[in-house]
Amino acid sequence: MSATPQQRFEQLLSALRAALQDGEQFTLGFSAEQSQFIRFNHAKVRQAGEVSQASAQLRLVRDGRQAEQQFTLCGDAELDRQRLHEALEQLRQTLPLLALDPYLSLDDSAWQSHSQQQQALPDTAEVLALVEREAGQLDLVGIYAAGPICRGFASSHGAFGWHQANSFNFDWSLFHANGQAVKANYAGQSWDAAAMVERLRLSREQLAFLGRPAITLKPGSYRAYLAPAAMDEIAGMLGWGGFSAQALATGNSPLQRLYSGDAQLSPLVSFDEQVSGSLSPAFSDEGLPRRDVRLIGEGRGLERLISARSAAEFALTANGADSYEAPCALSLAPGNLPSAQILQRLGTGLYISNLWYLNYSDLPAARMTGLTRFATFWVEDGQIQGPVSTMRFDDTLYNLLGNQLEDLTCERELILSTSTYGQRHTGSSHLPGALVKGLTLTL
Amino acid sequence: MFDSSALLRQRFAALRSTAELFSLRHVKQSYQGLSVRRNVTEPPFFSQDEGAMLTVRINGVEAYAATADLSQAGLQQALQQAEALARQIAAHSLLDLREHAVPSERHEHISPNFEQSLPNLADCLDLLAAESASVPKDSRLVDWQASLGISRVEQTYLNSAGAELRHAQRFLFPGLGVTASDGQDSQSRSLGRDNFGQQGGFEIIQRCGLVGAARRVADEALQLLLAPNTPSGPRDLLLMPDQMMLQIHESIGHPLEMDRILGDERNYAGTSFVKASDFGHLQYGSTLLNVTFDPTIDEELASYSHDDDGTRARKQFLIRQGKLLRPLGGALSQFRSGLDGVANSRACSWNRAPIDRMANLNIEPGDQSLEQLIGGIERGILMRTNRSWSIDDARNKFQFGCEWGQLIEEGQLKGVVKNPNYRGISAQFWSNLAAVGDRSTFQVLGTPNCGKGEPNQVVRVGHASPACVFRQIDVFGGDA
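Protein sequence lines correspond, in order, to chains Z and G. So the first sequence is residues 323 to 765, counted in our numbering. So the second sequence is residues 124 to 603, counted in our numbering.
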């Protein structure tokens, strides 16, 4: 019987401990997944495959110096040990060439963490049959990605973490013949065919509204409702250096004026890095136990995400952030707007389901631009009139979540990352929708 | 180089399959990332990656399995997984590929100066440290970093029709960035980084201009911090090559990708404002616009002899004198659409399947020097070095921002302005192309970070371009 992923990691760890020389310290990360990827176009399978991959990331520390090597694991224990030894040797040759690293920080606690979830995933045939039965007559395009994901961490100080979970993420769009589309997603660790069917039904319902003649708006300021998926795009931009201790200390954060106290958001806005209860591993890529962090409280900048390296460089205390200091489980506190009253409270304006391709037009001013995409509607007196042709917005966060924010919804959505760059990602966000008095459209 | 080829060939020959066609694409790659930030050497990062993708075709249906287990048993198991999956999806497959032609060429492609040894790690770090140390001491200079990424890739493609295609490439990505801040505003200036990379040896460092650049780059960041905002309103726009590459990438490259036009990418990367029926007919830009798919510029990031599906690559015009001729569509997209395309089916590594990607997408030089381009502008602005990019899912409405702006009045370069942004619509923008720089303004650039596909992939793409002038573009600054 072949070794389990955790056994493979433990075997590698034993080999590393045995090979270690006096004065050497290490951290060892492990990442593995078995993924099934099925792409759909026109509700048919466009491309399908299975990917089995695993890698280790070794950091060697000696005499105040450190270097890292990542290497692919093939599953043959002897060959993987050989790769470990080669990596170790390359790092040993590298360290003497380096200057002392003043920001080297190695956590010396022997924390232990173990999380394993092995809920069965659906059979591929079941997923294919469901799509054909429920969406065979529709223009469905998207991807089904599923399988086990593993993350491990160990250090020479005795820390050990293991995270393993089966998960799936079905991300799709339904297109109307006129080119308008609605986007939906069903993701998690426990597959329920009825829930998937219900999500498809809801997206089919929205599709009906998209058949109405498209409305083209002129540039200007519009009252707007941003659904949680649209808010996720804005939150994603903030994750790009917004809360990073290094970015905040070096003028590279879009939230520098918020954290310096020169600007404020609405008192309705409270952001947390809410790791507990999320699907992310309980430990960072640096091997620190993650913890919940209040980033923005009632519109004011509070804590920041601090990696071990930033802690050393800027005389701060590390708080379990990943090395890139981006949130992995960003949560925005709910507001007072019941979802059932969204259209009524919006009155006349834009209902924006999704935003797309955001970027900063003036980073220090937290001014960002992006576009509407998927199921954006023009609403008059609480009634959907029809889809809106793609529009560009360009506005600052201090307007959108500041003086122009009217309310946030009481209900929130848990949005699981669909990112599969390099590997399937485990990040998530938990967000309400936002009603804003004015959103500036420019093109 | 290719030290595993003989073994791979032997194991491939020993594979047993009932498929009418099967292939193996083996990728072995290494990376070394070095960086000195604020005069402190950051921990060097190395990576070694190796694996293979097995693809089968059974009754016209294709499926793949990717594995890092390259033993005979591991490859055989992956092949059988792919076979099982192909049978499982057969009743649901979008495509019938029974008539789709199969490549059978044998060829080897190697990057220029591939075997040239590079300076050792200590020397590279010394070079970066020297650049970092030459950033002047000024309390407003709050962050700076000199970096060098070196990537080496060897790939072997084998198929049951007899193809054997090997390529070995080395890429260098030098970079330098400086941020100036006064506590309220921040401005950054950079060289290389995401806007530059080439194939070859250490000559790339010289071509990039990294050595000795830190003082100038820092000075430019300080100039920006003191500069007024870019004024709003229509102006003639002179884009230098390190912004042209982004303009080409987003508003010519992506809209011409055939898989977007065929709808594959509608859920993620998006669709296109270009229709299949536009090829051969649409006037995409002014008659000065000549765009090529060009894998023949040796040092450009995506120069290769064959793409990842085994199609031979050659230079082809996508747009000639403004008229749209052919899409960025590989052999499969050509089979699906009936249109002629190019050899651009590419994958980021062994664990992702090839899809239509940009490769080297260039604008051919014109006949005007930089002085002539500037001299021909009465009221305009020069912009260089991309820092912000945003475009709609049909690749039409765009807004881009640059690090550096400089006003042009009556044919003369004037003062520096910060936060230079501009916006437009692809379908109209290129018709405003009014002047194209000559070869003296032409630069071979590229980026390692083009994202697309489900599952997601990041690939290297090359863009070479002269400086270009566009008439009456909507420009504007920031809030700060």
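Even glycine gets a Cβ: it sits at the ideal position worked out from N, Cα and C.
With 7 Å as the threshold, decide whether the Cβ of residue i is near any Cβ in chain G.
i: residue 440 of chain Z; result: no
i: residue 429 of chain Z; result: no
i: residue 359 of chain Z; result: yes
i: residue 397 of chain Z; result: yes
i: residue 739 of chain Z; result: no
i: residue 646 of chain Z; result: no
i: residue 491 of chain Z; result: no
i: residue 444 of chain Z; result: no
i: residue 683 of chain Z; result: yes
i: residue 686 of chain Z; result: yes
i: residue 306 of chain Z; result: No answer is possible for residue 306 of chain Z: the residues shown for chain Z start at 323 and end at 765.
i: residue 329 of chain Z; result: no
i: residue 587 of chain Z; result: no
i: residue 547 of chain Z; result: no
i: residue 556 of chain Z; result: no
i: residue 771 of chain Z; result: Here chain Z has residues from 323 to 765 only, and residue 771 of chain Z is not among them.
i: residue 628 of chain Z; result: no
i: residue 371 of chain Z; result: yes
i: residue 759 of chain Z; result: no
i: residue 608 of chain Z; result: no
Quick one: measure Cβ to Cβ for residue i and residue j, integer angstroms, because I've assumed they're closer than 8 Å.
i: residue 216 of chain G; j: residue 179 of chain G; result: Contact flag wrong, Cβ pair sits at about 13 Å.
i: residue 369 of chain Z; j: residue 476 of chain G; result: 6 Å
i: residue 493 of chain Z; j: residue 364 of chain Z; result: No, residue 493 of chain Z and residue 364 of chain Z are not in contact; Cβ-Cβ is about 16 Å, not under 8 Å.
i: residue 638 of chain Z; j: residue 645 of chain Z; result: Rounded, the Cβ-Cβ distance is 15 Å, inconsistent with contact.
i: residue 609 of chain Z; j: residue 429 of chain Z; result: 6 Å
i: residue 441 of chain G; j: residue 379 of chain G; result: 6 Å
Are the C-beta of residue i and some C-beta of chain Z separated by less than 7 Å?
i: residue 455 of chain G; result: no
i: residue 173 of chain G; result: yes
i: residue 187 of chain G; result: yes
i: residue 520 of chain G; result: yes
i: residue 476 of chain G; result: yes
i: residue 169 of chain G; result: yes
i: residue 566 of chain G; result: no
i: residue 542 of chain G; result: yes
i: residue 162 of chain G; result: no
i: residue 190 of chain G; result: yes
Under DSSP, the alpha helix (DSSP H) around residue i begins and ends at which residues?
i: residue 707 of chain Z; result: It is not in any alpha helix (DSSP H) - residue 707 of chain Z instead sits in the beta strand (DSSP E) that spans 705-709.
i: residue 330 of chain Z; result: 327-341
i: residue 578 of chain Z; result: 578-581
i: residue 567 of chain Z; result: 567-571
i: residue 397 of chain G; result: Per DSSP, residue 397 of chain G belongs to no alpha helix (DSSP H) and is neither H nor E.
i: residue 558 of chain Z; result: 550-561
i: residue 331 of chain G; result: 326-331
Over what stretch of residues does the beta strand (DSSP E) that includes residue i continue unbroken?
i: residue 754 of chain Z; result: 750-763
i: residue 318 of chain Z; result: Any answer about residue 318 of chain Z is impossible in this case: the structure gives chain Z only from 323 up to 765.
i: residue 215 of chain G; result: Segment: none, residue 215 of chain G is in no beta strand (DSSP E) and carries neither H nor E.
i: residue 506 of chain Z; result: 503-510
i: residue 570 of chain G; result: 566-575
i: residue 290 of chain G; result: 287-304
Hey, does residue i have any beta-carbon neighbour from chain C nearer than 7 Å?
i: residue 636 of chain Z; result: Protein chains Z and G are contained in the structure displayed, whereas chain C is not.
Exercise. Could you tell me which uninterrupted beta strand (DSSP E) segments, each at least 3 residues in length, are contained entirely in the region 474-559 of chain G, listed from first to last along the chain?
Key: List check, beta strand (DSSP E) in window: 484-486, 502-514, 520-532, 535-540, 544-548, 556-559.
Self-check item: Sufficient close CB pairs (3 or more, under 8 Å) joining the region 408-417 of chain Z to the region 389-397 of chain Z
Solution: Between the region 408-417 of chain Z and the region 389-397 of chain Z there are three or more C-beta pairs closer than 8 Å, enough to call the two in contact.
Exercise. Would you check if there are 3 or more beta carbon pairs closer than 8 Å linking the region 696-705 of chain Z to the region 457-475 of chain Z?
Key: No contact exists between the region 696-705 of chain Z and the region 457-475 of chain Z.
Quiz item: When the Cβ atoms of the region 536-553 of chain Z are set against those of the region 585-594 of chain Z, are three or more pairs found closer than 8 Å?
Solution: Cβ pair count under 8 Å is below three, so no.
Quiz item: How do the region 271-282 of chain G and the region 360-377 of chain G stand: do at least 3 beta-carbon pairs fall below 8 Å, yes or no?
Solution: In short, these stretches do not touch, since the Cβ pair count stays below three.
Quiz item: Given 8 Å as the limit, is there contact between the region 555-569 of chain G and the region 406-415 of chain G, that is, 3 or more CB pairs closer than that?
Solution: With the cut-off at 8 Å, the region 555-569 of chain G and the region 406-415 of chain G touch.
Quiz item: Going along the chain, which unbroken runs of the alpha helix (DSSP H) with 4 or more residues stay wholly within the region 417-471 of chain G?
Solution: If we require 4 residues or more, the alpha helix (DSSP H) runs fully inside the region 417-471 of chain G come out as 454-460.
Practice problem: Decide yes or no for the touch test of the region 691-701 of chain Z against the region 670-678 of chain Z: beta carbon pairs closer than 8 Å, at least 3 of them. | Solution: The count of Cβ pairs closer than 8 Å, one atom from the region 691-701 of chain Z and one from the region 670-678 of chain Z, reaches three, so the stretches are in contact.
Exercise. Taking only runs that begin and end inside the region 147-182 of chain G, name each unbroken alpha helix (DSSP H) of 4 or more residues, in chain order.
Key: The qualifying runs do not exist here; there are none.
Quiz item: Any contact of the region 378-395 of chain G with the region 506-519 of chain G, i.e. 3+ C-beta pairs under 8 Å?
Solution: Segment contact: the region 378-395 of chain G against the region 506-519 of chain G, three or more CB-CB distances shorter than 8 Å; contact assigned.
Exercise. Enumerate, from N- to C-terminal direction, the unbroken beta strand (DSSP E) stretches of 3 or more residues contained entirely within the region 678-734 of chain Z.
Key: Runs of the beta strand (DSSP E) inside the region 678-734 of chain Z: 689-694, 698-702, 705-709, 714-718.
Quiz item: Is it a yes or a no for the region 331-339 of chain G touching the region 257-265 of chain G, going by three-plus beta-carbon pairs under 8 Å?
Solution: Counting Cβ pairs under 8 Å, three or more are found: they touch.
Exercise. Specify whether the region 499-509 of chain G and the region 466-473 of chain G touch according to this definition: at least 3 beta carbon pairs, one from each stretch, less than 8 Å apart.
Key: The region 499-509 of chain G is not in contact with the region 466-473 of chain G.
Quiz item: Can at least three beta-carbon pairs, one atom from the region 242-258 of chain G and one from the region 190-197 of chain G, be found at a separation below 8 Å?
Solution: Output reads no: the region 190-197 of chain G does not touch the region 242-258 of chain G.
Quiz item: Can you list the alpha helix (DSSP H) stretches of 4 or more residues lying completely in the region 198-282 of chain G, in chain order?
Solution: Fully enclosed alpha helix (DSSP H) runs of 4 or longer: 244-256.
Exercise. Would you check if there are 3 or more beta carbon pairs closer than 8 Å linking the region 712-725 of chain Z to the region 755-763 of chain Z?
Key: At 8 Å Cβ cutoff, the stretches touch.
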